[in-house]
Every structure is written in C-alpha cells, then in structure tokens.
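Under mature numbering (1 follows the signal peptide of the UniProt record, and there is no 0), the letters of the sequence shown match residues -20 to -1, 1 to 310, in that order. Don't be surprised by glycine CBs; every beta carbon is placed ideally from N, CA and C.
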Amino acid sequence: MNILLSALLAVAMQATPAQQYVGTSPWGENDEIGRLNMMTPESQAAVMANIDARNVYDLSVEYFVGMPSWQAAGDPHYQFWMTHTPRGAVVDNVLGMGEQINQHVSYSGSAVSMYTHTGTHIDAFSHFGLDGEIYNHFSADEYLGDKGWQRSGAETIPPLVARGVLIDLPKAKGLDMLPDNYRVTVADIEQALEQQQVKLQPGDVVLLRTGRMHNYEQAAQFMANSPGLGMAAATYLAEEGEAMIIGADNLSFEAFPSEVEGNYVPVHTYLLTQVGVPIMELVNLEELAAAEVYEFAFVGGSLKLRGADAAPLRPLAFPFKTSTTETNED
C-alpha cells in the first residue's frame, strides 16, 4: 500500500462511517479530486498496453424524453426539443437565406435540458457534504457562488483511465436482478468476486451490477424501490478493496432507508465527503455482464461543467488480452 493511500485510510479510521466527519485529503490542502490522484501516467499506460481493442463495450445509457431520472426532490426531467427543422426554416427564414436556399439546405437543430445527475454520470465531491463543507474542507460559505462551486466542480475531474472490475451480484445468486430494496452486503461482493475468480486491486474502478438496467425503458419500475449498496459494503470497497471509483447500474446507488440516523444518504457522504471516492450511477453493465468480461480497461471522460456537482459521462470498457489478476500473481 502506498504512503498516500495509507494516510488516507488512517484518516478514514479516525471514526466509523456512522460518525459524521469531513475527510482531509492526503494529497494536500488544495486537492480537489481525492482518490483520482491514484491514476498516474504509468498506471494508465500499463492498463492501455494490455487491451484488446477489437471489442469495445459502451457503458452509457441513451437519453430520451420519459427516461428514468432523479425526481424525488423536484429536479427537472430530461427534456429534448427541436429548435430548427427543415420545414420550419422555410417558414421562419431565421438566417435570412430566402425560400429557395432554405428549401435546398435542410437545417435541423435541437436543445436539451436536464438535471446534471441524469443518465450515466459521475458525482463530483461538491454533490454532498457535511455541515456546510465538502471533501477536504472546502466550505460552501467560502467557495459556492451564484455560478457554482469554485472548488471540486465537475470541471476538475480528469480523463479516467484505469483497471475496471465488474461485480455481477445477481449472477452470483442465480438471479437476473436483485430484489426490490435489496441492500448489498460484503458477503455478496465476496461471493461474486470468488465466482468470477477476480481480485480487487488498489486504484480500481469498481462497478456493481444489480440487474436494474433490465427495467431502464420502464422508468417507473426502474426508479421505484431500487436495490443498492449498504454501508458495510461501501466501507469494504473503499478500505479493503482500496477502490478509486465505485459505480453501479441503478439510480440511487445506495439502498434505502438509511442505516445511519440523521443522514438520509450515508453511503454518498461516506464515499464523497469522508474518503474522497467519486461515485458513478446508471452505468450500463448489461453487455459486459453477458460477455462475462469482469476485468477491463475503463476509459471515460465527463463533461467539464464548471462549478457543477455532477456531469454526464460516456464510459467505455476494453477487455484485457490477459487477466490482470493472473498477471499480478505471476
């Protein structure tokens, strides 16, 4: 275990997750990206050197009107509308080109509006905090203005290149999907990893499949009573697994109701605020699971939305030529 990660875990062990506190980054008082510092040019090069680029898995969902989205707090649904159409260009002549040219040049344009946590996305550390502070003690009083967060906004998230690990939880249980409101445990994770013959390594992007993506086209079913990560499992992945990022295929990421009195999203605040582990949600893992690709190069870039607390993400998975678990054990 490297010195920086040891320091990070020492901070985490000062209190249990139920004891609410804001984490201090071992990467310095100005650090805004937490465990994303575990990526280095060398680690990224090593990951990409072992890929089989003939197969690429798209881990993102499609955006469409009526899609599932976080709506419990009144946030805007995904909206799409045409701003220009071929026939409308002829009628409105907005560019002053005249009827003949507008008949010849067929012009279409569109616009979207949505909550930043819609579709496949990554949470920045500014998404949740405790007592007015986010990870590494940046306070809302000092760093949150009318145009967003001046620290740890989505624009600070670097390009992501790391070893990815899929943990297929329902398959390990012989199911297509975890039951409604199921709370994922440490035993569930260990069972799946053992069946997959995969071991976690420091700096992994760990992706949890609940099977909920089967209901993605039926928004009401997808959003209601989602299974999710429990506190003990989150602690296990962050501390024992030393994950860099943790993601899942569901909407809420964690299971409800909360296990921690006085905090309705303790898994979010534990990972984002206490230990500096970014969260990904609505990651589409179905094709990856069907192909039984459990280790891969995870490559992703999120939109650089300045000051935002989340950003849409288009992640890709490239299978490895050889198992990295086997390589590291040789």
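For residue j and residue i, the rounded distance between their alpha carbons
| i | j | result |
| --- | --- | --- |
| G125 | H107 | 14 Å |
| E275 | A26 | 14 Å |
| R192 | Q198 | 11 Å |
| D156 | G227 | 19 Å |
| E113 | A152 | 39 Å |
| N(-19) | G221 | Because N(-19) sits at a pLDDT of 47, beneath the cut-off of 50, its placement in the model cannot be relied upon, and the following sentence gives the value as read from the coordinates. One C-alpha to the other measures close to 14 Å. |
| L265 | P150 | 12 Å |
| H64 | A91 | 10 Å |
| V85 | E135 | 37 Å |
| Y37 | Y123 | 38 Å |
| M28 | E267 | 21 Å |
| S303 | F278 | 14 Å |
| E241 | H248 | 14 Å |
| residue 312 | N73 | A question about residue 312 goes unanswered here, because the residues of the chain that appear run from -20 up to 310. |
| S40 | Q181 | 24 Å |
Bridge partner(s) assigned by DSSP for residue i
| i | result |
| --- | --- |
| D148 | R189 |
| I38 | Reading off the sequence shown, one finds Asp at residue 38, where the question assumed Ile. Bridge partners of D38: L296. |
| Q59 | S93 |
| H117 | Beta-bridge pairing links H117 to no other residue. |
| L251 | Bridge partners of L251: none, in fact. |
| V178 | V178 pairs with nothing; no bridge assigned. |
| V64 | Note that residue 64 corresponds to His in the displayed sequence, not to Val. DSSP output for H64 lists G89 as bridge partner(s). |
| L110 | E113 |
| W129 | L124 |
| G208 | R163 |
Spatial neighbours of residue i in its chain, beta-carbon cut-off 6 Å, leaving aside the 5 residues before and after
| i | result |
| --- | --- |
| K301 | N30 and D32 |
| L293 | T100, H101, I102, G280 and S282 |
| V186 | V145, L217, A223 and I226 |
| N17 | W7 |
| K284 | E135 |
Three-way DSSP call (helix, strand, coil) for residue i in this model
| i | result |
| --- | --- |
| M260 | strand |
| V71 | helix |
| residue 312 | Look at the range of the chain in this structure, -20 to 310, and you will see that residue 312 is not part of it. |
| E267 | helix |
| F233 | coil |
| Y216 | helix |
| I81 | helix |
| S282 | strand |
| I225 | strand |
| A53 | coil |
| I31 | strand |
| V2 | coil |
| T302 | coil |
| residue 319 | Because residue 319 is not part of the residues shown, which for the chain are -20 to 310, the question remains open. |
| R163 | strand |
| G14 | helix |
| A288 | coil |
| A142 | strand |
| L173 | helix |
| I(-18) | Confidence is the limiting factor: at I(-18) the pLDDT is only 40, short of 50, which leaves the residue's position unreliable, though a coordinate-based value still follows. If DSSP states are grouped into helix, strand and coil, I(-18) belongs with the helices. |
| N243 | coil |
7 Å CB neighbourhood of residue i in its chain, flanking five on each side removed
| i | result |
| --- | --- |
| D55 | Y95 |
| V70 | E79, N82 and Q83 |
| G154 | none |
Distance between beta carbons of residue j and residue i, contact taken as under 8 Å
| i | j | result |
| --- | --- | --- |
| P207 | D160 | 7 Å |
| P295 | V263 | 7 Å |
| Q130 | G8 | About 17 Å separates the two Cβ atoms, so there is no contact after all. |
| L173 | K179 | 7 Å |
| S88 | M62 | 7 Å |
| Q(-1) | N205 | No, Q(-1) and N205 are not in contact; Cβ-Cβ is about 26 Å, not under 8 Å. |
Own chain residues within Cβ distance below 8 Å of residue i, not counting five before or after
| i | result |
| --- | --- |
| Y115 | V2, G3, S5, G14, F105, G109, S132, L252, T253, Q254 and G256 |
| Y250 | P(-4), M211, A214, T215 and A218 |
| A269 | L146, D148, K151 and R189 |
| Q51 | H57 and M203 |
Contact with chain D by residue i, beta-carbon distance below 8 Å
| i | result |
| --- | --- |
| V279 | Protein chains in the displayed structure number just one, and chain D is not present. |
Residue i CB to nearest heavy atom of the ligand HEM below 7 Å
| i | result |
| --- | --- |
| V273 | This structure lacks the ligand HEM, and indeed carries no ligand of any kind. |
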